[in-house]
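Here the structure comes first, spelled out in structure tokens, and everything after it is commentary.
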Amino acid sequence: MEPDDPIMQGPGERRVAEAAERIVAEGRPRLHRTWTSLVATSLLGGIDVGVGVMTLLYVRHETGSELLAGLAFSVGLIALLLGHSELFTEGFLVPVATVIAGAATWTQLARLWTTVLAMNLIGGWVFTWLVMRAYPGLHPTAAAAGAHFVDGGYTLGTFCLAVLGGGVITLMTRMHHGTESMTGKIIASVATAFVLAGLGLWHSVLDSLVAFAGLHTGRTPYGYVDWLGWLGWAVLGNVVGGLLLTTALRLVRSAPMLTNAAAPAARAGHPEA
21 MEPDDPIMQG PGERRVAEAA ERIVAEGRPR LHRTWTSLVA TSLLGGIDVG
71 VGVMTLLYVR HETGSELLAG LAFSVGLIAL LLGHSELFTE GFLVPVATVI
121 AGAATWTQLA RLWTTVLAMN LIGGWVFTWL VMRAYPGLHP TAAAAGAHFV
171 DGGYTLGTFC LAVLGGGVIT LMTRMHHGTE SMTGKIIASV ATAFVLAGLG
221 LWHSVLDSLV AFAGLHTGRT PYGYVDWLGW LGWAVLGNVV GGLLLTTALR
271 LVRSAPMLTN AAAPAARAGH PEA
């Protein structure tokens, strides 16, 4: 983009344009990954979140504090950031913007979402099984924490918790792309973990792993069928929050930049262009 381009002259517009370029530059290879790469990064995403769940349950068990436990969960989001793994709810802003920019297709977006969600859950299920075998003292805490979500009910209140959860995690993605500072990105991850887990917002993957930890104890009042119904409710709320509460509004502001941002990203992927 040229400095004298009209869309670059408003206050803050240059930073928005630069963020749009970073989003498309990152989103295009994510949506064009091979199956092997996509499955591997998604499994790692489930394991990274599992590390956060392990610390969350341990701190909650030792302190009884929801807020400290939420802060401890930041380990999982920092691992996602630094390990470049894939989390389902991080697939809203960047991939959707990439499709809107014309650098990928809706079919590729659907493949990303379904694969990442499934692999996040599988990786998290295995990791939480290991955690429950390694820390039997956490069983009562895990069972109670899982029941809090799965038995939470299908109400307007719980749906709003899921909407807020999707919006907050997508806001984290936007903050990551709003700066090139790694320190700033880590602060955004810590703050998001505190809000997401500390305030008890509903997140389809995070809370599924908490539910899995409870199920691995064999002491829960809920089963896998109950969890599956809860998952559908949480995913719906997360998608509404991630797409409408955060992504759509960001796209409205970034729309003029996305088309221009797609061109250099496409040339980077196809040097012959």
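Basically my numbering = 1-based index in the sequence shown + 20. Ideal Cβ positions, reconstructed from N, Cα and C, are used throughout, including at glycine.
Taken in chain order, the unbroken stretches of alpha helix (DSSP H) that lie wholly in the segment 69-138 and span 4 residues or more are 86-92, 94-103 and 113-120. Contact between G249 and T240 is ruled out by a C-beta separation of about 14 angstroms, above the 8 angstroms threshold. Contact fails between the segment 149-160 and the segment 85-95, because fewer than three Cβ pairs, one in each stretch, are under 8 angstroms apart. Listed in chain order, the non-local C-beta contacts of V114 below 8 angstroms within the same chain comprise I43, E46, G47, R50, T193 and H197, local neighbours out to five positions each way being set aside. Within the same chain, and ignoring the five residues on either side of Q128 in sequence, the residues whose Cβ sits closer than 6 angstroms to its Cβ are L51. The criterion of a C-beta distance shorter than 8 angstroms is satisfied by F108 and N140. Nearest C-alpha to L100 among V69, T118 and V183: V69.
Under the criterion of beta carbons closer than 8 angstroms, K205 and T212 do not qualify as touching, at roughly 11 angstroms. Shown here, S201 sits in coil according to DSSP, grouped into three states, outside any helix or strand. L264 and V188 have their C-alpha atoms spaced approximately 12 angstroms apart. Three or more pairs of CB atoms, one per stretch, sit closer than 8 angstroms, so the segment 174-189 contacts the segment 219-227. In the structure shown, R53 falls within a coil segment according to DSSP collapsed to helix, strand and coil. T148 is a Cβ neighbour of L229, given a cutoff of 8 angstroms. Cβ-Cβ separation between T118 and L191: approximately 18 angstroms, too far for a contact (criterion under 8 angstroms). Per DSSP, Y244 is one residue of the alpha helix (DSSP H) stretching across Y244 to V260.
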